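From first to last, the protein sequence lines stand for chains A and B.
Each residue of the first sequence is one higher than the one before, counting from 1000 in my numbering.
Each residue of the second sequence is one higher than the one before, counting from 1000 in my numbering.
Backbone N, C-alpha and C fix where the C-beta goes; we use that ideal spot for every residue, glycine too.
Predicted model, so just to flag it, every value in this text is computed and none were measured.
Down below is the structure, laid out as structure tokens.
2 protein chains.
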Amino acid sequence: MAAVGEAGDSAPGSSAPGHGGPRSAGTRRAILQAARAAFGAHGYDQTTIRAVAAAAGIDASMVMRYFGSKAGLFTAAVAGDLVIPDLRDVPAARRGEALTWSLVSRWEDTAHDDALIMLLRTAVNSEAVAVQLQAVLSRQVFEVVAALGAVNAGERAGYIQAQLLGLALCRYILRLEPLASLATADVVSAVAPSVQRYLDDA
Amino acid sequence: MAAVGEAGDSAPGSSAPGHGGPRSAGTRRAILQAARAAFGAHGYDQTTIRAVAAAAGIDASMVMRYFGSKAGLFTAAVAGDLVIPDLRDVPAARRGEALTWSLVSRWEDTAHDDALIMLLRTAVNSEAVAVQLQAVLSRQVFEVVAALGAVNAGERAGYIQAQLLGLALCRYILRLEPLASLATADVVSAVAPSVQRYLDDA
């Protein structure tokens, strides 16, 4: 395996993410920052690993070592802050509301809204990004649900994703009315009991 | 206004759909059939009104008269058979299930699944198509909900769309697991009570 800092040529697929030698949190952050700027300015198709690497001041092979593929880099860059709260700290009957609030309030913020739109638009059009999105959602939604100890955590997480991504799709991307114009608190009160059902029902 | 059958040149925006003289159901069907084939083969961006008109054996101005715009033609062609059952014929407590079944069972059919994927993919990337999709959903979901006489039919329809389009997005387009592999009946039993809630709750 190449050592960190080696300036070899780009070799897509040469190493899976999570392998290939020591990492640095600073390098990872620098890559993600350059990637967010590049994907934001040029979109997924027009952005290259090489351009992101150049902007971050490192070699393209390093980007591959940290993120595995362009789809992996893209998803980490735009979905990185979809952090779900630990629901074990929330009273059982309020968990649907806490989960719904945490995502909706994030999406109401324009900067995150933009990232979400780019993520879903690209995932709908790129199977590689859809696969990466699944990995992110699985890590974030599934793990939070599984930590509650419920049976069928995978299915519950799947239904919760369908409910909340559907809300994001209709309210923020397709901007279907009247849903797009309703107050945030009203949307959360309407949708949270469905999320709670997916957490609770047998 | 031009008479039906007149062979004028293409004049985008020359008349809103619903105006411009008599129509024929046969001409409409022929245009939709040609449009489905063209959009299916070449996608939204690469398909022209002129090519659809040529395939249907009529002038492009006729296509505009029937459908108003390329976005309107596309949405009518791919969403045309998203027919929702009249829920007034269904016992009140079974309506969520009936509505969920009618859409899911349609999407499980590969041909409809393809149309749905094309519709959502294109709507996510084209504001004009998103606007047309809203018109179709409004006509189909909203009218069925409004016919039940509930208050806030628009909001109820909006939440139902978010739930069911989210399911379509995650199960059929992003193909997120385990949701994509669950049995149809299990998916309907899990999601229908949420749809029922959006129909019933104050």
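Can you give the beta carbon distance from residue i to residue j, rounded, assuming they're within the 8 Å contact cut?
i       : j       : result
L1178/B : G1095/B : Contact doesn't hold; Cβ gap of about 19 Å is too wide.
R1049/B : A1076/B : Wrong, their Cβ atoms sit about 16 Å apart, outside the cutoff.
L1136/A : L1163/B : Between L1163/B and L1136/A the Cβ distance is about 19 Å, and since that is not below 8 Å, they are no contact.
A1037/B : A1054/B : 6 Å
A1078/B : L1118/B : 6 Å
A1146/A : D1085/A : 7 Å
V1143/A : R1155/A : Rounded, the Cβ-Cβ distance is 10 Å, inconsistent with contact.
A1052/A : D1044/A : Not confirmed; about 18 Å, so no contact.
Within 8 Å (strictly less), CB to CB, does residue i reach chain A?
i       : result
Y1158/B : yes
V1187/B : no
V1123/B : yes
A1161/B : yes
E1154/B : yes
V1143/B : no
R1196/B : yes
G1039/B : no
Q1045/B : no
A1034/B : no
L1119/B : yes
Q1131/B : no
R1165/B : For the sequence presented, residue 1165/B should be read as Gly rather than Arg. So yes, G1165/B belongs to the interface.
L1147/B : no
V1190/B : yes
L1102/B : no
L1181/B : yes
T1074/B : no
L1031/B : no
L1086/B : no
What are the boundary residues of the alpha helix (DSSP H) that residue i is part of?
i       : result
I1172/B : Note, I1172/B: premise wrong, no alpha helix (DSSP H); not H, not E.
G1039/B : 1024-1041
A1070/A : 1069-1078
G1062/A : Just to set this straight, residue 1062/A is Val in the shown sequence, not Gly. V1062/A -> alpha helix (DSSP H) spans 1059-1066.
A1054/B : 1048-1055
V1103/A : 1094-1107
Does the beta-carbon distance from residue i to residue j come in below 8 Å?
i       : j       : result
I1116/A : I1172/A : yes
A1161/A : G1157/B : no
V1089/B : V1187/B : no
V1130/A : A1167/A : no
R1120/A : N1124/B : yes
V1190/A : T1099/A : yes
S1068/B : A1127/B : yes
Y1065/B : R1105/B : no
S1193/B : S1193/A : yes
A1152/A : F1141/A : yes
Using a C-beta cutoff of 8 Å, does residue i count as contacting chain B?
i       : result
R1204/A : Nothing in the structure corresponds to residue 1204/A, since chain A is present only between 1000 and 1201.
G1071/A : no
I1172/A : yes
E1176/A : yes
S1193/A : yes
L1115/A : no
L1098/A : no
D1199/A : no
A1184/A : no
Review point. Which whole runs of the alpha helix (DSSP H) in the segment 1123-1191 of chain A are 4 residues long or more, in chain order?
Key: 1126-1136, 1142-1145, 1152-1167
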